[in-house]
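What follows is a short report on a single structure.
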Amino acid sequence: MTKKLLILLFFFCSFLMRSQNLVWRTNMTDAIAISNELRKPMLILFTATGVPDNLQNEIFKTPDFAVWSRDNVVLVKLDLSDVNASDSDKEQNVRLKNAFGVVDLPEVCYASASIRKSKTTFSALGKIAYKPGGAKAWISESNAILHPVEE
Numbered sequence: 001m002t003k004k005l006l007i008l009l010f011f012f013c014s015f016l017m018r019s020q021n022l023v024w025r026t027n028m029t030d031a032i033a034i035s036n037e038l039r040k041p042m043l044i045l046f047t048a049t050g051v052p053d054n055l056q057n058e059i060f061k062t063p064d065f066a067v068w069s070r071d072n073v074v075l076v077k078l079d080l081s082d083v084n085a086s087d088s089d090k091e092q093n094v095r096l097k098n099a100f101g102v103v104d105l106p107e108v109c110y111a112s113a114s115i116r117k118s119k120t121t122f123s124a125l126g127k128i129a130y131k132p133g134g135a136k137a138w139i140s141e142s143n144a145i146l147h148p149v150e151e
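Under full-length UniProt numbering, the sequence shown has 75 at position 75, and the numbering climbs by one with no breaks.
The following block contains the structure:
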């Protein structure tokens, strides 16, 4: 009986660990298609090698963020220092960074996009950088960007 319970517990824990893995898209075309299909805005993380890990460690690696992101956004990570990215992808990522007005890395921009006649049009919803206070405060600020209260 104890052995069966331990085996069940092991499978349950491994299921929970897998369910918290975030799926970060790195191809903007795919991300736009998924965003439009799911009718969810994109959370675009602009990052690079050597930037502080606070946002990753204190926000993105929490169960609260995993649940919130699954229900609210399509995750996109644009690493501006990715040596494996093609030259056209690197150029596109830098153009997007500049278009969204990102200065300090890492920074998150919320946006939706559409593609018509091979032309991509982005609609910026807002941006947010790391702030101390934990995942719940960060999620609350993100919700204010994604679901503004009309006055």
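Glycine included, every Cβ here is placed at the ideal spot set by N, Cα and C.
Between F46 and P106, the beta carbon gap of about 6 Å places them in contact (Cβ cut-off 8 Å). In this structure, F60 sits near L22, with a CB-CB distance shorter than 8 Å. Restricted to the region 36 to 98, the alpha helix (DSSP H) segments that are unbroken, complete and at least 4 residues in length are 63 to 72, listed in chain order. Between the region 88 to 95 and the region 50 to 69, the count of Cβ pairs shorter than 8 Å is below three; the stretches do not touch. When C-alpha distances from K40 are compared across S114, I128, A135, the shortest belongs to S114. If you keep only unbroken beta strand (DSSP E) runs of at least 3 residues inside the region 104 to 146, you get 107 to 116, 119 to 129.
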